[in-house]
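Asks:
Numbering (our numbering), first residue to last: 54 to 250.
#1: Under the three-state reduction of DSSP, which class applies to residue 184: helix, strand or coil?
#2: Residue ranges of each alpha helix (DSSP H) run of no fewer than 4 residues wholly in the stretch 91 to 170, ordered along the chain?
#3: What's the C-alpha gap between residue 211 and residue 121?
#4: Identify the continuous beta strand (DSSP E) that holds residue 240 and give its terminal residues.
#5: Kindly indicate which residue of 197, 163 and 209 has the alpha-carbon position closest to the one of residue 174.
#6: Using C-beta distances below 8 Å, list every residue in its chain close to residue 176, excluding the 5 sequence neighbours before and after it, in chain order.
#7: Would you kindly report the start and end of the unbroken beta strand (DSSP E) that includes residue 212?
#8: Would you mind giving the Cβ-Cβ distance between residue 131 and residue 168, rounded to the nearest angstrom? I have them listed as a contact below 8 Å.
#9: Does residue 202 pass the burial test, meaning 16 or more other C-beta atoms within 10 Å, or should it be called exposed?
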């Protein structure tokens with residue numbers, strides 16, 4: 054079977070769309086602001102997956118014209134929300150000094166790493182107790198294969214429940230996945246009932 058790859062630039066070219074140009078770092082920064090504020094959520098710009106199904110034209114220009122007639126204020130509403138969040142970012146950046154960056158790095162590298170790894174151990178132990186079996190953490194060579202530990206003889210991967218929202222990442226993990234969700238009172242753990250079979 055032959056495989057072809059089409060990069061994003063070529064995809065736009067094939068669809069006769071002029072690629073937008075952005076200053077370095079501005080695209081990811083706007084994307085982050087948008088994620089925080091929800092500037093392109095369905096309530097602002099419409100449910101895009103449904104709108105594209107409704108659209109019966111063929112070209113990009115037809116789509117753009119059709120969409121803007123259907124949602125004439127959507128782009129401006131999204132721009133307003135994202136602009137406000139970027140203003141908030143600018144304000145925060147002006148207040149961010151080396152001491153606050155050091156606190157953040159310490160929190161990420163030392164505190165969250167320790168808590169995260171200990172969560173992993175607590176999750177392995179709890180699931181092993183449920184199945185009345187032994188557990189162990191993965192060795193470095195096993196970790197490089199996406200394995201976080203073993204319940205009995207079965208290798209498992211441990212991921213936050215938000216991982217379910219990233220299907221492109223799930224395809225790369227062959228071991229059964231134990232999901233966890235942090236709650237106000239602790240952790241909720243989700244795992245296949247036939248995990249040890």
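Backbone N, C-alpha and C fix where the C-beta goes; we use that ideal spot for every residue, glycine too.
Replies: Once the coordinates are examined:
#1: Here residue 184 refers to the residue found at position 131 when the chain shown is read from its first residue. It is coil, neither helix nor strand.
#2: 95 to 98, 101 to 107, 113 to 123, 127 to 148 and 151 to 159
#3: Here residue 211 refers to the residue found at position 158 of the chain shown. Here residue 121 refers to the residue found at position 68 of the chain shown. Spanning the two alpha carbons is a distance of roughly 44 Å.
#4: Along the chain shown, read from residue 1 onward, the residue named residue 240 stands at position 187. Unbroken beta strand (DSSP E) run through residue 240: 239 to 243.
#5: Here residue 174 corresponds to residue number 121 of the chain shown, with the count starting at 1. The candidate whose alpha carbon is nearest that of residue 174 is 209.
#6: If you number the chain shown from 1, residue 176 lands on position 123. Listed in chain order, the non-local C-beta contacts of residue 176 below 8 Å within the same chain comprise 211, 231, 233, 240 and 242, local neighbours out to five positions each way being set aside.
#7: The residue given as residue 212 occupies position 159 in the chain shown. Element bounds for residue 212: 207 to 213.
#8: Reading the chain shown from its first residue, position 78 is the one you call residue 131. Reading the chain shown from its first residue, position 115 is the one you call residue 168. The pair is not a contact, with the Cβ atoms about 36 Å apart (cut-off 8 Å).
#9: By one-based count along the chain shown, residue 202 stands at place 149. Here residue 202 is buried: its Cβ has 16 or more other Cβ atoms, across all protein chains shown, within 10 Å.
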